[in-house]
Each structure stands twice: as C-alpha cells, then as structure tokens.
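Heads up: the sequence lines are chains A and B, in that order. For reference, each letter of the first sequence is one residue, going 1 to 255 in the working numbering. For reference, each letter of the second sequence is one residue, going 1 to 312 in the working numbering. Even glycine gets a Cβ: it sits at the ideal position worked out from N, Cα and C.
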Amino acid sequence: MIRDMIRPGNLLRLAVFGALLAFLLAPDRFAGLLAPLTSNGAPPIYHQSSLIDLTLSHLFTVAVSTLAAAVVAIGLAIFVTRPAGAEFLALSRAVVNIGQTFPPVAVLALSVPAMGFGEAPTRMALFLYGLLPIFENTLVGLSTLPPAVMETASAMGMTGRQRLLKVELPLAMPLILEGLRLSAVIGLATATIGSTVAAKGLGEVIVAGLLSGNLAFIVQGGVITGVLAVLLSDGFQAVARYAAKKGGARPQTGA
Amino acid sequence: MIELSHLTKVYGGIAVVNDVNMTIEAGTLTVIVGTSGSGKSTLLRMVNRLIEPTKGSVFIEGRDVSMLPAYELRRSIGYAIQNHGLFPHWTVARNIATVPMLLGWDRKKVDARVEELMELFQLDHEQFAGRYPHELSGGQQQRVGVARAMAAKPALLLMDEPFGALDPIIRAKAQADLKAIQRRTGTTILLVTHDMAEAVHLGDRIAVMDAGHLKQYAPAADILARPADAFVDDLIGTVDRPFHYLTLGTVGSAVEPGEADGAPLNADASLYEGLGALLWSGRKTAPVVDAAGAPLGRVSLDTIADRAARPQ
C-alpha cells in the first residue's frame with residue numbers, strides 16, 4: 001500500500017495537486033511569476049472574486065450537470081437494452097446526438113430568456129453536452145457482454161433485475177466510468193463559457209482578462225481549468241482501473 | 001423422471017426440434033448426441049425454458065415446467081455449458097454460491113456447501129476460493145462451472161458440451177469425474193455432445209438427433225449393435241464401432257481361468273483399454289487382478305476380439 005503510493009506517477013500527481021492548492025489558497029505569492037505577462041502596471045492576480053471560490057463553484061456546476069447527465073444517460077441506456085425498450089434505441093440515439101451537436105453557446109443563448117442569467121443555463125448546456133459520451137459508453141458496455149455469461153446468468157435463475165444489478169452493470173462499469181470521465185472533462189472545459197451569462201466559475205477570470213487585455217488573468221484562469229481537467233481525468237482512470245481489476249480481465253466475446 | 005412430449009421449436013418456418021418424445025429416468029445420465037444444427041442444444045434449452053417451445057411440453061416429476069415462473073424453475077435445475085459462463089467479476093467461491101444465494105440460504109450454509117463442492121471437484125479451498133475465473137486453467141474453470149451448476153443440489157443437471165473446450169487428457173479425467181460424481185449423488189443428468197465416443201462412454205442411454213428429429217433413443221449397446229438408420233450408423237463411424245463397443249465392457253467380464261505372463265490388467269479397466277495393453281505389449285494373454293491386486297484369472301486377445309464382434 002505505502003509502496004504503491006510512492007510510485008513516480010503518484011508523486012507527480014501529488015506535486016501537481018499541491019501546486020494547484022498552493023496557488024488557489026495564496027495566489028498573491030505567485031504574483032511575481034505572472035507579473036511579466038501584464039503591462040501598464042495591471043494587477044497580475046485576479047481579485048474581483050476569490051479564486052478558490054470560483055474554482056469550487058466551477059467544480060460544483062460540473063458535478064451537478066455531469067451527475068444529472070449520468071442519471072439520465074445510464075437510465076436511458078439500461079432502458080433501451082431491455083426487451084421492452086429495444087424499439088426506442090434509434091430514437092434515444094438521435095435525441096442524445098442532438099444534445100451533443102447543439103453548441104453549448106447556442107444552448108446558453110436560447111436558455112437565458114427562459115431561465116435567466118446565472119448557473120442554470122450553464123448547467124443545462126453542460127447536461128445536454130454530457131449525455132452522449134455516457135449514453136454511448138453505457139450502451140456499448142451493456143450490449144457487448146459475453147453471451148455465455150449472460151446465458152448462464154439467466155440459466156442460474158436470476159430475474160431480469162438481478163441480472164442487471166449483479167452482472168450487467170458491474171461488468172459494464174469500466175466503460176461507464178470512461179463515459180463519465182469524458183463527460184466530466186469536457187464539462188470542466190466547457191463550463192468556462194458559463195461566465196458569459198454570469199455563472200460563477202473560472203471563465204470569469206478568462207473573460208475579465210480578455211476584456212481588459214490582461215494576459216495574466218487569461219493564463220491563470222486557463223491553467224487552473226486545465227490542471228483540474230488533467231487531475232479529474234486521471235482520478236477517473238484510477239477508479240476505472242480499480243473497477244477493471246476487481247472485475248477480473250473482461251473476457252473476449254465469442255470463441 | 002423427465003418427460004418430453006411432442007416438443008417442437010420452429011424458427012422462421014423451420015422446425016429445429018420436431019415433435020420429440022422422450023422419457024428420461026431419474027438418476028440416469030442421458031446423452032443427446034448429434035451433428036451441429038441437429039437441434040440438440042435447442043432441445044436441452046427447452047427443458048429449463050431458456051428457449052420456449054413452439055409446441056409440446058416438458059414434464060419434470062409429472063409437473064409441466066411452463067406452470068412455474070422461469071427463474072424459479074431454473075434455480076431448481078443445474079446448468080453447465082462449454083464456455084463455463086463463469087461470472088468474471090466474482091471469485092470462485094462467489095460463483096459457486098450463485099444459486100444458493102439466489103435461493104436465500106443463510107451465509108453459513110452457503111459457505112459450507114461451497115467448501116464441500118470444492119472438495120468434491122478437487123479444488124483446494126484455501127488456494128482457489130478467492131481467485132477470479134481468469135486466474136484459473138481451462139480445466140479448473142470447467143470444474144468450477146459444474147460445481148456451480150450443482151451448488152443447490154438440483155435433482156436435474158443440464159450440460160451442453162461441458163468438456164468441449166478441454167484438451168484430451170483433462171477431458172478424459174473430467175468425464176470420469178462426472179460419472180463418479182453422478183453415481184455418488186444420484187443426480188439426473190442430460191448432457192449434449194457431438195462426440196459419439198463421449199456419448200458411449202458416459203451415457204446410460206443415448207438419444208441421437210438429426211435435423212430436429214429424434215432418430216434413436218436407446219442404451220449405448222443397442223445403438224452400436226442396432227443403429228436405427230444410416231444416419232446413426234454414420235455417426236457411430238464404421239471403423240470405430242467395435243472399439244466403441246469394447247469401451248462398454250470391462251476386462252473383469254471377459255476373465256477366463258488360467259495364468260498368463262507380464263503386467264496384470266485391472267478387472268475394472270474397459271475391454272478397450274485391455275485390448276490396447278495386450279496389443280502394445282505384444283502378448284496374446286494377460287493376467288487379471290481385482291482392485292485389491294488378487295489374481296482373478298486371465299484375459300485373451302481372442303476373447304476380447306469376440307466381444308468386439310457385432311452381436312447376433
């Protein structure tokens with residue numbers, strides 16, 4: 001356990017996380033680092049809101065919308081892989097695909113009149129955008145399970161529900177987690193545009209930099225978002241690896 | 001007792017199982033043999049309703065299986081297949097415990113049963129209970145698959161090519177083990193195979209299927225001696241027939257008084273094994289001993305040859 005934790009990869013993760021935390025808690029200490037990016041004595045560190053508040057609210061927005069997308073997308077994928085829902089497969093695919101092809105900016109523009117400014121339109125946009133990766137991955141996970149395993153699950157006397165909960169979902173879990181990872185990472189980056197409709201988030205720093213021509217703001221907003229995305233992606237992969245290991249190597253279908 | 005009555009399955013206008021009638025005695029091992037596409041696996045899957053018949057019924061102990069909810073029926077019938085279908089995310093112990101857990105047995109009883117079965121199938125509990133299926137060899141996976149099928153002590157066990165994925169040596173051992181376990185537990189077994197040698201070796205009775213029809217259903221010796229038609233004859237194989245026949249008798253049944261030189265044969269070895277031993281050692285006769293090693297007499301090449309001839 002201890003030896004696992006001091007592997008080089010984990011040390012790097014820890015270092016990156018530590019650096020991010022240090023910056024968020026006391027950004028002024030890094031002012032000297034960012035000062036060369038400013039001109040005319042503009043402030044190198046964004047101070048209109050606290051960076052840590054912005055980061056937490058950014059993460060919260062992503063978490064809420066990814067969770068909502070997960071509930072709907074996984075639920076839908078389960079439904080269309082049951083005999084009763086099979087005929088809705090094509091329709092669900094179409095609906096979810098529209099969610100992905102519709103640009104989040106357009107969703108924001110359209111939903112502000114209905115929902116007002118703030119977090120709500122951003123969450124809506126991220127929710128729609130996040131459906132597809134989770135849906136498609138769950139669908140692949142549930143529809144490519146080894147036929148021999150599925151047959152014996154029924155032959156042992158599992159009801160449809162038992163089979164889903166005890167066999168299908170656990171075996172599809174690595175793929176479902178991969179879908180969640182994609183959605184969360186895309187959401188994290190996309191959430192920055194929420195600041196154009198007054199959602200609290202790291203986009204605010206970037207937008208402020210763009211408006212005042214302050215490169216230091218743009219860089220700190222961008223780098224924080226980027227580092228969060230890398231750490232999040234890495235975390236999801238670690239969980240997926242654990243799930244795959246616990247589930248044993250997934251056997252190839254057929255043979 | 002299991003009764004198949006006018007059992008029929010039609011797919012796209014073609015009857016893959018066509019009006020099959022069969023009675024299987026409790027406590028016997030019945031083998032359904034046929035080429036691929038003969039409908040033998042479909043027939044088997046209609047017994048536990050993995051496939052619902054188009055027409056006809058299956059009765060187990062006089063009860064129509066369609067009267068029970070399918071999942072309840074299946075918990076009372078063991079099921080083992082070629083690719084074992086073990087749950088890859090569960091340990092060996094959890095896999096074997098599948099049906100007892102579904103039936104809601106209490107933890108202690110489940111654990112005791114798992115241990116008992118692992119011993120029966122020669123899997124060291126301490127070593128294997130916590131392993132995952134992909135950490136086992138093919139032979140071990142197959143044994144876990146059969147152990148799982150027998151976990152809730154079903155009176156009936158269905159097996160579809162259970163030894164199909166095993167190499168010949170492990171396969172012979174698995175067949176012998178299954179036969180021994182079947183004798184010990186008295187489980188009724190319905191086993192599907194395409195291999196006539198396996199059918200003759202294992203089956204108390206053999207059912208031959210072709211193109212959905214039940215061609216012949218009789219004890220192995222009858223099938224070999226009096227094949228119902230050209231198809232059954234073909235399936236047995238003209239060249240192999242005498243040898244199949246010899247696998248049915250034991251050396252002990254062909255003993256005559258007298259003495260012979262060389263290594264003795266065991267009385268419970270099959271005549272086929274006896275023939276092999278005699279031919280390979282270049283002897284015309286060999287001494288026969290019983291399980292304790294006491295001499296019983298001798299067996300000769302001529303006697304064995306007589307036993308391989310078509311019965312008149």
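With distance defined between alpha-carbon atoms, name the residue in A:Y242, A:Q100, A:F17, A:P27 nearest to P174 of chain A.
As a working note, residue 174 of chain A is residue 174 in the first sequence. Here the closest residue by C-alpha is A:Y242.
Judging by CA-CA distance, which residue of A:P133, A:T190, A:G32, A:V207 is the nearest neighbour of R93 of chain A?
Start at 1 with the first residue of the first sequence, and residue 93 of chain A comes out as number 93. Nearest C-alpha to R93 of chain A: A:P133.
Suppose the cutoff is 6 Å on Cβ atoms and the five residues either side in sequence are ignored; what does the same chain contact list for P88 of chain B look like?
Along the second sequence, one-based indexing puts residue 88 of chain B at 88. Correct list, in chain order: P133.
In chain B, what lies closer than 8 Å to S143 of chain A by C-beta?
Here residue 143 of chain A corresponds to residue number 143 of the first sequence, with the count starting at 1. Going along chain B, no residue has its Cβ under 8 Å from S143 of chain A, so there is no contact; the nearest lies around 17 Å.
Counting only runs that start and end within the segment 137-190 of chain B, where is the alpha helix (DSSP H) found for 4 or more residues in a row?
The segment 137-190 of chain B contains these whole alpha helix (DSSP H) runs: 138-149, 168-185.
Just to confirm, is the Cβ distance from G212 of chain B to A15 of chain B under 8 Å?
As a working mapping, residue 212 of chain B is identified with position 212 in the second sequence. As a working mapping, residue 15 of chain B is identified with position 15 in the second sequence. Yes; because the gap between Cβ atoms is below 8 Å, this pair is in contact.
If I measure Cβ to Cβ from V251 of chain B and keep anything under 8 Å in the same chain, skipping five residues before and after, which residues do I get?
As a first step, residue 251 of chain B must be located in the second sequence, where it is residue number 251. Correct list, in chain order: L265, N266, A267, D268, A269, S270, L271, E273, G274, V288, V299.
According to DSSP, is I2 of chain B part of a helix, a strand, or is it coil?
What you label residue 2 of chain B is simply residue 2 of the second sequence in a count that begins at 1. Of the three classes helix, strand and coil, the one that applies to I2 of chain B here is strand, per DSSP.
Less than 8 Å between C-beta atoms, sequence neighbours within five positions excluded: which residues of the same chain meet that for V255 of chain B?
The residue you call residue 255 of chain B lines up with position 255 of the second sequence. Here the set comprises A267, V288, L296, G297, R298, V299.
Taking 8 Å as the CB-CB limit, is E151 of chain A close to chain B?
For this step, residue 151 of chain A is matched to residue 151 along the first sequence. True, the Cβ-Cβ gap to chain B drops below 8 Å.
Output yes if chain A places a C-beta closer than 8 Å to the C-beta of E61 of chain B; else output no.
Here the question's residue 61 of chain B lines up with position 61 in the second sequence. No, its Cβ sits nowhere closer than 8 Å to a Cβ of chain A.
What does DSSP give as the partner residues of D64 of chain B in its beta bridges?
Position 64 of the second sequence holds residue 64 of chain B. For D64 of chain B, which the question treats as bridged, DSSP gives the partners B:F59.
Could one say the Cβ of R107 of chain B lies closer than 8 Å to chain A's Cβ atoms, at least one of them?
Position 107 of the second sequence, counted from the first residue, corresponds to residue 107 of chain B. R107 of chain B does not count as touching chain A.
Is it true that the CB of A155 of chain A sits closer than 8 Å to the CB of R74 of chain B?
Here residue 74 of chain B refers to the residue found at position 74 when the second sequence is read from its first residue. Here residue 155 of chain A refers to the residue found at position 155 when the first sequence is read from its first residue. It is a contact, given that the beta carbons lie within the stated cut-off.
Between which two residues does the beta strand (DSSP E) containing V255 of chain B stretch?
Stepping through the second sequence from its first residue, residue 255 of chain B is reached at position 255. From DSSP, V255 of chain B is part of no beta strand (DSSP E); its letter is neither H nor E.
Determine, for T253 of chain A, whether the minimum Cβ-Cβ distance to residues of chain B falls below 8 Å.
By 1-based counting over the first sequence, the position of residue 253 of chain A is 253. In this prediction, T253 of chain A scores a pLDDT of 35, lower than 50, which makes its location untrustworthy; no coordinate-derived value is stated.
Using a C-beta to C-beta distance shorter than 7 Å, which residues of chain B count as neighbours of P170 of chain A?
Here residue 170 of chain A corresponds to residue number 170 of the first sequence, with the count starting at 1. Within chain B, the residues near P170 of chain A are H89.
Mapping DSSP to helix, strand and coil, what is S270 of chain B?
The residue you call residue 270 of chain B lines up with position 270 of the second sequence. It is a strand residue.
Please confirm whether A155 of chain B has its beta-carbon closer than 8 Å to some beta-carbon of chain A.
Taking the second sequence and counting its residues from 1, one reaches residue 155 of chain B at position 155. It does not; no Cβ of chain A falls within 8 Å.
Leaving out the 5 sequence neighbours to the left and right, which residues in its chain are closer than 7 Å to F243 of chain B when beta-carbon positions are compared?
Along the second sequence, read from residue 1 onward, the residue named residue 243 of chain B stands at position 243. Cβ neighbours of F243 of chain B beyond the five flanking positions: Y272.
If you measure from the beta carbon of V81 of chain B to each beta carbon in chain A, is any gap under 8 Å?
What you label residue 81 of chain B is simply residue 81 of the second sequence in a count that begins at 1. What sits at residue 81 of chain B in the sequence shown is Ile, not Val. I81 of chain B counts as touching chain A.
Rounded to whole angstroms, what is the Cα-Cα separation between H6 of chain B and G56 of chain B?
Taking the second sequence and counting its residues from 1, one reaches residue 6 of chain B at position 6. Taking the second sequence and counting its residues from 1, one reaches residue 56 of chain B at position 56. The alpha-carbon atoms of H6 of chain B and G56 of chain B are separated by roughly 5 Å.
Which residues in the same chain as L139 of chain A place their Cβ atom closer than 6 Å to its Cβ, once the five residues preceding and following it in sequence are excluded?
On the first sequence, residue 139 of chain A is found 139 positions in, with the first residue counted as 1. Same-chain partners within the cutoff: A77.
H213 of chain B lies in the beta strand (DSSP E); which residues open and close that run?
In the second sequence, counting from the first residue as 1, residue 213 of chain B sits at position 213. Residues 213-219.
Figure out for me which residue from A:V72, A:T122, A:I74 has the closest Cα to the Cα of A189 of chain A.
If you number the first sequence from 1, residue 189 of chain A lands on position 189. Among A:V72, A:T122, A:I74, the Cα nearest to that of A189 of chain A belongs to A:T122.
Taking the beta strand (DSSP E) that A300 of chain B belongs to, which residues open and close that run?
Taking the first residue of the second sequence as 1, we reach residue 300 of chain B at position 300. Strictly speaking, residue 300 of chain B in this sequence is Ser, with Ala absent from that position. Run containing S300 of chain B: 295-300, per the beta strand (DSSP E) assignment.
Nearest chain A C-beta to Y11 of chain B closer than 8 Å, yes or no?
Residue 11 of chain B sits at position 11 when you count from the first residue of the second sequence. Output row for Y11 of chain B: interface = no.
Any beta carbon of chain B sitting closer than 8 Å to that of T159 of chain A?
For the purposes of this step, residue 159 of chain A is identified with residue 159 of the first sequence, where counting begins at 1. At least one chain B Cβ lies under 8 Å of T159 of chain A.
Between the segment 179-195 of chain B and the segment 16-36 of chain B, do three or more beta carbon pairs fall short of 8 Å?
Yes, the segment 179-195 of chain B touches the segment 16-36 of chain B.
Please classify V15 of chain B: does DSSP put it in a helix, a strand, or coil?
Your numbering for residue 15 of chain B matches position 15 in the second sequence. The amino acid occupying residue 15 of chain B in the given sequence is Ala; Val does not appear at that position. Strand.
In or out: R49 of chain B buried (at least 16 other Cβ within 10 Å) or exposed?
Residue mapping note: residue 49 of chain B aligns to position 49 of the second sequence, counting from 1. Result: buried.
What in chain A is Cβ-close to T98 of chain B, meaning under 7 Å?
Walking along the second sequence from the start, residue 98 of chain B turns up at place 98. Per Cβ cutoff of 7 Å: M156.
Of the residues that make up the segment 74-107 of chain A, which ones have a beta carbon closer than 9 Å to any beta carbon in chain B?
Listed by position, the residues of the segment 74-107 of chain A near chain B (Cβ gap below 9 Å) amount to none.
In the DSSP output, which residue or residues are listed as bridge partners for Y46 of chain A?
As a working mapping, residue 46 of chain A is identified with position 46 in the first sequence. Bridge partners of Y46 of chain A: none, in fact.
Which runs of the alpha helix (DSSP H) at least 4 residues long sit entirely within the segment 66-110 of chain A? Give them in chain order.
89-101, all fully within the segment 66-110 of chain A.
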